[in-house]
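Notes for the one structure printed next.
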Amino acid sequence: MSTESVIRLQDVTRIFDKGIGVMHVDLDVEPGTCCALIGPNGAGKTTTLRLVMGMLRPDSGSVLTLGEDPREHAIEVKEQIGYVAEDMTMPLGLRPCDMFSFFGSLYPSWDQERAEAFADELELPLDRVMGRMSHGQRRQVALLGAIVHRPRLLVLDEPAGGLDPLMRRTFMESVIEILGEGGTTVLLSSHHLDQVERLADRIAFMRRGHVILDRSAAELREGAVQLLVEGVTREQARGPEEVLAARKAGDRVAMTFFTDPARARQIVEDDLGGRVVQERALALEDFFVDVLRGAR
Amino acid sequence: MVSKFLISVAPGDALPIYRQIVEQVKAAIASGVLSDGDQLPSHRDLARDVVVAPLTVKRAYDVLEQEGMVLTRRGTGTFVQAPGTDARENADEELDARIRAVIRHARALDLGERELARRLRELWREAKERGGR
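Quick mapping for you: the protein sequence lines, in order, are chains A and B.
When we follow my numbering, the leftmost residue of the first sequence carries the number 22, and every step to the right adds one.
When we follow my numbering, the leftmost residue of the second sequence carries the number 1357, and every step to the right adds one.
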């Protein structure tokens, strides 16, 4: 673990009255990378982001954001973060230029020229009240409020939410621009796996409050393998810890592994005494769905 | 710098994105779209171009460098390396392997050499008419 982690969560648990928020979550995000949290609704993604932002207190465990406790050093930390919430509502009676003045008073490093250059590129009308803009345009204003001051950390909750494909692409381009400038680390949550694949270097897969897999995007992609197997029951197939999911496929069993394909075959043939009929690499979305459906 | 070749990635593919970039750069070198000494776009420019994280491009370039296809000179950029006799040979071998697979397929369908050759000529002509070379 690097001591310079931009985000470090150690054994963090936060329970709500309504149920689990996050349980025993560890997360380390290195500078300059983009880490994506994926998982179904209620997996704990937003809770994790809110803990990182210092908007929630952990019941136990420790949260360090930019090396500090984000609740104790709330102002210093927040000045260096950009945040776009999933449900962020913008004041409809204000214009982007009013928002820019507001952001300018919030962030010491706000750069008005840069804000106007971005707005120009995005063709955002600075003088129109936001009530008369599209949802996508309002989100762009929110994004500018999060990136123009060159934050050390950019936190995005469901950045694809409610955007059409063109707006989504523009939004991604802005994030890539920021990553390309260097100096900014990104933590995002998303249901949109295409977007995750384009943006993330690191993917943490959450389910029911736990991080069940946390790997580089390439490792996650290359370690996800599915074998179609004969001579093994589904219950047997679910035994080995490398098996993330197993489901029936006629009289065969489809086993989803997270491991080296050669190791996966070895487990089936040597440990379980089965026979491999077919092997395939899994696309991220297939892997995701398989793991959720075949959850042990 | 604008890339000298077209490249696009498909998220959702079984091949990770950095691998897709590696394969497309290799294909561009093998087919002569990129030749010895050509400069590749910077991580940042290619990232912007194909809309992926800059570190993904870096990873792809690192693999290409390990495989001897490109050379990164500090401060100047990444360049296609050597006339790529290796690359050309590999490409030839790959083509042979694919043709062999087609022959096996044809045999399995009980097609003779003449019939296969006839179909090849026909499809070649078709491809040419569609604007290929």
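Think of the CB as a built atom: it goes at the ideal place given N, C-alpha and C, for glycine as much as any other residue.
As the structure is a computational prediction, the values presented were derived from the model and not from experiment.
query = From A/Ala140 to A/Val162, what distance separates their C-alpha atoms?
reply = Position 119 of the first sequence, counting from 1, holds the residue named residue 140 of chain A. Position 141 of the first sequence, counting from 1, holds the residue named residue 162 of chain A. Looking at the two C-alpha atoms, the distance is approximately 8 Å.
ask   = Do A/Asp148 and A/Arg116 have their CB atoms nearer than 7 Å?
value = Counting from one through the first sequence, the residue named residue 148 of chain A turns up at place 127. Counting from one through the first sequence, the residue named residue 116 of chain A turns up at place 95. Contact: yes.
query = Which runs of the beta strand (DSSP E) spanning at least 3 residues fall entirely within the stretch 117-201 of chain A, listed in chain order?
reply = 174-178
key: Secondary structure of A/Glu107, DSSP reduced to three states   = Sequence index remark: in the first sequence, residue 107 of chain A carries index 86 (1-based). Coil, per DSSP.
task = Buried or exposed for A/Trp131, please, with buried defined as at least 16 other CB atoms from any protein chain shown within 10 angstroms of its CB.
result = The count along the first sequence starts at 1 and reaches residue 131 of chain A at position 110. When all chains shown are included, A/Trp131 counts as buried.
task = For B/Asp1405, name the three-state secondary structure that DSSP assigns.
result = The residue labelled residue 1405 of chain B in the question sits at position 49 within the second sequence. Correct three-state label for B/Asp1405: helix.
Neighbouring residues, chain B, relative to A/Thr54 (Cβ below 9 Å) = Mapped onto the first sequence, residue 54 of chain A falls at position 33. Per Cβ cutoff of 9 Å: Ala1409, Leu1411.
query = So A/Asp32 is in the beta strand (DSSP E); what residue range does that whole segment cover?
reply = Start at 1 with the first residue of the first sequence, and residue 32 of chain A comes out as number 11. 28-37 is the extent of the beta strand (DSSP E) around A/Asp32.
key: Local conformation of A/Leu115 per DSSP, three classes   = For the purposes of this step, residue 115 of chain A is identified with residue 94 of the first sequence, where counting begins at 1. Reduced to three states, the DSSP call for A/Leu115 is coil.
query = Cα-Cα, which of A/Lys66, A/Glu97, A/Glu137 is closest to A/Val321?
reply = Here chain A has residues from 22 to 317 only, and residue 321 of chain A is not among them.
request  = Could you say if the stretch 238-246 of chain A and the stretch 198-214 of chain A meet the contact criterion of at least three C-beta pairs nearer than 8 Å?
outcome  = no
ask   = Roughly how many whole angstroms lie between the Cα atoms of A/Asn62 and B/Ala1386?
value = As a position in the first sequence, residue 62 of chain A is number 41, starting the count at 1. As a position in the second sequence, residue 1386 of chain B is number 30, starting the count at 1. The alpha-carbon atoms of A/Asn62 and B/Ala1386 are separated by roughly 46 Å.
message = The beta strand (DSSP E) that contains A/Val232, what's its start and end?
response = Here residue 232 of chain A corresponds to residue number 211 of the first sequence, with the count starting at 1. Note, A/Val232: beta strand (DSSP E), 231-237.
task = Tell me where the beta strand (DSSP E) around A/Ala64 begins and ends.
result = Within the first sequence, residue 64 of chain A is the residue found at index 43, counting from 1. Premise fails: A/Ala64 is in no beta strand (DSSP E) and is neither H nor E.
ask   = Whole-angstrom Cβ separation of A/Val50 and A/Arg223, contact assumed at under 8 Å?
value = Counting from 1 along the first sequence, the entry for residue 50 of chain A is found at position 29. Counting from 1 along the first sequence, the entry for residue 223 of chain A is found at position 202. Going by Cβ atoms, the distance from A/Val50 to A/Arg223 rounds to 7 Å, so yes, they are a contact pair.
ask   = Does the stretch 1386-1404 of chain B come close enough to the stretch 1460-1476 of chain B that 3 or more CB-CB pairs lie under 8 Å?
value = no
query = Count the other CB atoms within 10 Å of the CB of A/Gly42; is the residue buried (16 or more) or exposed (fewer)?
reply = Here residue 42 of chain A is taken as the residue at index 21 of the first sequence, counted from 1. The residue in question, A/Gly42, is buried, as its Cβ has 16 or more Cβ neighbours within 10 Å.
task = Return the bridge partner residues of A/Ile59 from the DSSP annotation.
result = Here residue 59 of chain A is taken as the residue at index 38 of the first sequence, counted from 1. For A/Ile59, which the question treats as bridged, DSSP gives the partners A/Phe226.
message = Using a 10 Å radius around the Cβ and a threshold of 16 neighbouring Cβ atoms, would you call A/Arg317 buried or exposed?
response = Here residue 317 of chain A refers to the residue found at position 296 of the first sequence. Since pLDDT at A/Arg317 reaches only 48, below the 50 mark, its modelled position is unreliable, and no value is offered.
ask   = Under the DSSP definition of a beta bridge, which residues are partnered with B/Phe1361?
value = What you label residue 1361 of chain B is simply residue 5 of the second sequence in a count that begins at 1. Per DSSP, none; premise fails for B/Phe1361.
inquiry  = Under 7 Å, Cβ to Cβ, is there at least one residue of chain B near A/Ala239?
reply    = Indexing the first sequence from 1 puts residue 239 of chain A at position 218. Chain B contact via Cβ: present.
message = Suppose you measure from the CA of B/Leu1390 to the CA of B/Gly1431; what does that come to, to the nearest Å?
response = Numbered from its first residue, the second sequence carries residue 1390 of chain B at position 34. Numbered from its first residue, the second sequence carries residue 1431 of chain B at position 75. Their backbone Cα atoms lie some 21 Å apart in a straight line.
request  = Ignore the nearest five residues each way along the sequence and tell me which others in A/Lys269's own chain have a CB closer than 7 Å to its CB.
outcome  = As a working mapping, residue 269 of chain A is identified with position 248 in the first sequence. Once the five neighbours on either side are set aside, the close Cβ partners of A/Lys269 are Arg255.
ask   = Taking the DSSP output, what are the residues bridged to A/Ala267?
value = Here residue 267 of chain A refers to the residue found at position 246 when the first sequence is read from its first residue. Answer by DSSP bridge pairing, in chain order: A/Met276.
query = Is it buried or exposed for B/Val1426, if we count other Cβ within 10 angstroms and need 16 for buried?
reply = On the second sequence, residue 1426 of chain B is found 70 positions in, with the first residue counted as 1. Buried, because 16 or more other Cβ atoms sit within 10 Å of the Cβ of B/Val1426.
Strand pairing of A/Ala245, partner residues [DSSP] = Against the first sequence, residue 245 of chain A aligns to sequence position 224. Answer is A/Phe279.
message = Please identify, using Cβ separations under 7 Å, the residues of the stretch 1360-1389 of chain B that lie next to chain A, in order along the chain.
response = Pro1367, Gly1368, Asp1369, Ala1370, Pro1372, Ile1373, Tyr1374
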